[in-house]
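Okay, so here's the structure we're looking at.
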Amino acid sequence: LFSKSWWSPWFPAKLTNAVLRAFGVVAFANNPLSGFLIMAAMMASDVIVGVAGLLSATVAVICSKLQGAPDHLVCDGLTAFNSLLVGAICTAVLPDLLNLKLHFYHVLLSIPISIITCYVDLGLSSLMSPCQLPAQSIPFNLVATGLVLSLRGRLYGYGLKIHGIDTQGHGQMYDDAFRTLAQDITEVFEGDQTELQWVKVLEGSVLAAGQVYGAGNMASSIIIWLAFFLYSPILSVVFYLGSIIGSCLAVFLSPGSLSEVYAGLWSYNSMLAAGGSVFFLQPSLHVAVVAVLGACMAVFTQAAVMNIFAPTQLPVLSYPFNVVITILLAISTQRGTTLTMLTNRSFP
Amino acid sequence: LFSKSWWSPWFPAKLTNAVLRAFGVVAFANNPLSGFLIMAAMMASDVIVGVAGLLSATVAVICSKLQGAPDHLVCDGLTAFNSLLVGAICTAVLPDLLNLKLHFYHVLLSIPISIITCYVDLGLSSLMSPCQLPAQSIPFNLVATGLVLSLRGRLYGYGLKIHGIDTQGHGQMYDDAFRTLAQDITEVFEGDQTELQWVKVLEGSVLAAGQVYGAGNMASSIIIWLAFFLYSPILSVVFYLGSIIGSCLAVFLSPGSLSEVYAGLWSYNSMLAAGGSVFFLQPSLHVAVVAVLGACMAVFTQAAVMNIFAPTQLPVLSYPFNVVITILLAISTQRGTTLTMLTNRSFP
Amino acid sequence: LFSKSWWSPWFPAKLTNAVLRAFGVVAFANNPLSGFLIMAAMMASDVIVGVAGLLSATVAVICSKLQGAPDHLVCDGLTAFNSLLVGAICTAVLPDLLNLKLHFYHVLLSIPISIITCYVDLGLSSLMSPCQLPAQSIPFNLVATGLVLSLRGRLYGYGLKIHGIDTQGHGQMYDDAFRTLAQDITEVFEGDQTELQWVKVLEGSVLAAGQVYGAGNMASSIIIWLAFFLYSPILSVVFYLGSIIGSCLAVFLSPGSLSEVYAGLWSYNSMLAAGGSVFFLQPSLHVAVVAVLGACMAVFTQAAVMNIFAPTQLPVLSYPFNVVITILLAISTQRGTTLTMLTNRSFP
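Protein chains in written order, with our numbering: chain A, 220 to 567; chain B, 220 to 567; chain C, 220 to 567.
The structure is reproduced here in structure tokens:
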């Protein structure tokens, strides 16, 4: 299929292949069948999110082909997965965040945003090429950040949200709220310590797979794990170990309520960091250490950046994964170190 | 003139040429006559701002020559335009921002600041050289940010400004102000929707040219447009299209009052982004698309970063332009893409 | 010693040498005796801080050797000094910052954190290698920032501290406090102007040496100056000039109380910036100018970033030094400039 020309009757087949792979490569699972399962799981969780993702990915494959991006990247969906994430995460997260009601025609906005993401993707890849590292999902993070912040500014002004009470003043009484806040916080903290449920922490480690795609329910997450397993059982095990490490560490590092840990929002970055280390690097004992370390560093990074993101309500997206994986993979570009980048990957 | 030695009787001529070109190259108009017109427009708008710019540019040309910066960059004013901007924008913006009264002798401060900017400029150019991209006006942005924030901290402490009410407490009653804020905001938003005046939006798209130089009035802006036109009618048209796109999009994306849109503060980044795309890249249909996209992305970037800048009252400067143009131009450094950097430019 | 194998009976000697040098190279003093004196000064100031530093450095030398970092860097302690700083500064600064009581067994936490710092160090060095510049103490800054912010978030939530009153509400009454704040600030400012004591400013310029290592008292600082002098009298003089410039400029730029200036917290970045310029660059008149400029720029940078750091209570660490030295050294990587990187250093 790779050898066929795009401008031939093979176009629909090549396009479908690239789009489906885009769904997979978000989590390194470069395989159209895995991609299809993941797409199905997203549709099952929320049809608007699934459609937005599909539309974004399709637009992105065509757009990046027209831009002249390297053909093997286009065919593997690597030029489209950032657009897919912007389309999916923004429909899944923006409405709640900004108190908007999502309509089906909002999905059409995915088209221009997907095109912009393609340019950001290509540009960042060039900027990172002196370091010999891929841009991972940094383009998604930047575009989604731009989108969230610009719309939030438009709707609510540039106020900062301070400790759950935002300062924009739409009818809230800041000082009254403040007086009761001290009590609430105390309760939440005390509540946590008595109620910590390890079963829910485990649940969170499974839900992480869904959170990567903005599909937060259990059924979708299980289908996505199945899709990972189909691509590579080994990668799936590493993903899960990373996710468990993330969930458990987050119990000690996330402040306030543990509901975010239970929902998998503190483990998907660890999952991707551990998986990414194993995926990009030549297998060795050192890589195993790096994977565990990467999972831990992702939680610390998330706990740290939340201090900066929380006042503008910006979700953490996959910044922690990108920071950690970029630093760790950079080591392998230096000669003499015991880490080496894989060039030909073949997975069981 | 280029072939003459600096250390000869030609020194004043070479210096004047480089300084005047510095005024032009802020907006890519590398031409001493355009530069002269722009300088005149700045003087007409505010003589202190003009003098500060002239002084900064002169110091910077000499300083960068002494530093051993590449001679063709010095002669084209490319090593001096960042200093010029720091000198001009800081005298134009700082006093209002920090509630200071500007005296003429403050202009002398331009000298050390211009020298520092030269070092930052040369350093950043080196740091960006692996990416094969120019540093644009990033040095100006960094130095101006440092200056604004450090003086603000000195004068008012490190408090954050929350929704128009800053928390430093110089006699303001935070909670009283807060109670009336909700009403004010509602009024402003309602006011906007009934009062949107497209004529003023058009005015804003013209004023953008002045805002680049800290000269916010109509007469100066028109002279500056004339200077652009003299350098290249085509570039001027692209500038204006970018500016119009920026103004119109900002109507939908800027929060609160539209007075900033009317003043051209939301369109100069779009103007520069569109112009920059056309200036740096080999003409093609794709470049036209990139120019339009760049203009749109600049508005989104501005709306996004304002969330981060507003609490410290830092003006947006030309961050949006720099982010957008750096990402877009980076694409052209990758082989295979349909964008190519121009090496020899000859305009109209 | 350098030619002996690590895996021989020479191991303890090589390890000790590398660890002691790590103490020195924080301030470029690459010499085991200087390192020993500095370690002693840290122990004298606070035994926990000293032990944490020693433990971190030891772990880091072994860890970076196992990672396969370049041998000459490991032997010179250059792969360990960032870990040392994280260990020392975090035990010295974190407890006060977060209102925690430090126990001796907390020191054991230095081990995992030191290992993480090694990875960040190696990764960042690779990321910066296209620019041909060392990563300086950026790894320390990033890891310490991550640690401070993540623990702060865990303990107190993601609230911002606004003007000395943090918003987390543990029993504080925001609005009452606010009413009295205006008066306090006025008093502090007035107080300053009458009380400025130049002797204390000089004291601050001496204490700067200790602050680099988290050892804030005079005796330790003097031992550390002695250690610098032992390595190189010239470098020490430059350090002190930088420190003096920093202290004096900070009197005009630091807001509020001058107690931080008196404690040397506004001069150690200037000290390192001036010293670093002279250490890395080939001696010339231009380098002298750069050293003075670097010392000034460090104070401006500190005053600027404090606006961003203060709301999360993040200490300034050595960000100003790293920003300034990276920009200034980058100039030397460009051909034609009058600054050149030293390749072989030999110091009086």
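Here a beta-carbon is modelled for each residue, glycine too, at the ideal position from N, C-alpha and C.
What are the boundary residues of the alpha helix (DSSP H) that includes residue i?
{"i": "L297 of chain C", "result": "No alpha helix (DSSP H) holds L297 of chain C; DSSP gives it neither H nor E."}
{"i": "L472 of chain C", "result": "452 to 472"}
{"i": "A522 of chain B", "result": "504 to 528"}
{"i": "N236 of chain C", "result": "230 to 244"}
{"i": "Q430 of chain B", "result": "417 to 431"}
{"i": "M262 of chain B", "result": "251 to 264"}
{"i": "Y377 of chain A", "result": "Segment: none, Y377 of chain A is in no alpha helix (DSSP H) and carries neither H nor E."}
{"i": "A493 of chain B", "result": "487 to 499"}
{"i": "L343 of chain A", "result": "329 to 347"}
{"i": "P534 of chain A", "result": "No alpha helix (DSSP H) holds P534 of chain A; DSSP gives it neither H nor E."}
{"i": "F540 of chain B", "result": "538 to 551"}
{"i": "V480 of chain A", "result": "478 to 481"}
Does residue i get closer than 7 angstroms to chain B when you measure Cβ to Cβ?
{"i": "P331 of chain C", "result": "no"}
{"i": "S369 of chain A", "result": "yes"}
{"i": "L445 of chain C", "result": "no"}
{"i": "G342 of chain A", "result": "yes"}
{"i": "G555 of chain C", "result": "yes"}
{"i": "L547 of chain A", "result": "no"}
{"i": "T531 of chain A", "result": "yes"}
{"i": "C205 of chain C", "result": "With chain C covering 220 to 567 only, the question about residue 205 of chain C has no answer from this structure."}
{"i": "N526 of chain C", "result": "yes"}
{"i": "C350 of chain C", "result": "yes"}
Hey, would you say residue i sits closer than 7 angstroms to residue j, going by beta carbons?
{"i": "T298 of chain C", "j": "A288 of chain C", "result": "yes"}
{"i": "T520 of chain B", "j": "P539 of chain B", "result": "yes"}
{"i": "A307 of chain A", "j": "G254 of chain A", "result": "no"}
{"i": "G433 of chain C", "j": "G483 of chain C", "result": "no"}
{"i": "D548 of chain A", "j": "N360 of chain A", "result": "The residue you asked about is not Asp; residue 548 of chain A is Leu in the sequence shown. In this structure, N360 of chain A does not lie closer than 7 angstroms to L548 of chain A by Cβ."}
{"i": "L343 of chain C", "j": "A241 of chain C", "result": "no"}
{"i": "N526 of chain B", "j": "L477 of chain A", "result": "no"}
How many angstroms separate the CA atom of residue i from the CA atom of residue j?
{"i": "Y481 of chain C", "j": "F447 of chain C", "result": "21 angstroms"}
{"i": "V312 of chain B", "j": "H291 of chain B", "result": "31 angstroms"}
{"i": "L512 of chain A", "j": "V326 of chain B", "result": "53 angstroms"}
{"i": "C467 of chain A", "j": "L415 of chain A", "result": "11 angstroms"}
{"i": "L165 of chain A", "j": "A354 of chain A", "result": "With chain A running from 220 to 567 in the structure shown, residue 165 of chain A is simply not present."}
{"i": "I281 of chain A", "j": "L341 of chain A", "result": "14 angstroms"}
{"i": "F300 of chain C", "j": "N318 of chain C", "result": "27 angstroms"}
{"i": "K223 of chain A", "j": "A237 of chain A", "result": "13 angstroms"}
{"i": "I544 of chain B", "j": "S356 of chain A", "result": "20 angstroms"}
{"i": "L274 of chain B", "j": "V542 of chain C", "result": "27 angstroms"}
{"i": "L379 of chain B", "j": "A507 of chain B", "result": "41 angstroms"}
Comparing the C-beta of residue i with each C-beta of chain C, is any distance below 7 angstroms?
{"i": "F540 of chain A", "result": "no"}
{"i": "L472 of chain A", "result": "yes"}
{"i": "P251 of chain A", "result": "no"}
{"i": "T562 of chain A", "result": "no"}
{"i": "Y481 of chain A", "result": "no"}
State buried or exposed for residue i, treating a residue as buried only when at least 16 other CB atoms are found within 10 Å of its CB.
{"i": "L504 of chain A", "result": "exposed"}
{"i": "V324 of chain A", "result": "The amino acid at residue 324 of chain A is misidentified as Val; the sequence shows Tyr. Label assigned to Y324 of chain A: exposed."}
{"i": "R371 of chain A", "result": "buried"}
{"i": "D395 of chain A", "result": "Legend: pLDDT at D395 of chain A = 37, less than 50; position of this residue unreliable, value from coordinates given subsequently. That one is exposed."}
{"i": "V427 of chain A", "result": "Here residue 427 of chain A is Ala; the residue named in the question, Val, does not match the sequence. It counts as buried."}
{"i": "D295 of chain B", "result": "buried"}
{"i": "T310 of chain B", "result": "buried"}
{"i": "L374 of chain B", "result": "exposed"}
{"i": "K284 of chain A", "result": "buried"}
{"i": "M560 of chain B", "result": "exposed"}
{"i": "P452 of chain B", "result": "exposed"}
{"i": "G555 of chain C", "result": "exposed"}
{"i": "T562 of chain A", "result": "exposed"}
Using a beta-carbon distance below 7 angstroms, is residue i in contact with chain F?
{"i": "F499 of chain C", "result": "Looking at the structure shown, chain F is missing, and the protein chains on hand are A, B and C."}
Quick one: does the C-beta of residue i sit closer than 6 angstroms to a heavy atom of the ligand HEM?
{"i": "S344 of chain C", "result": "Among the components modelled here there is no ligand, and therefore nothing to report on the ligand HEM."}
If you measure from the beta carbon of residue i to each beta carbon in chain A, is any gap under 7 angstroms?
{"i": "L313 of chain C", "result": "no"}
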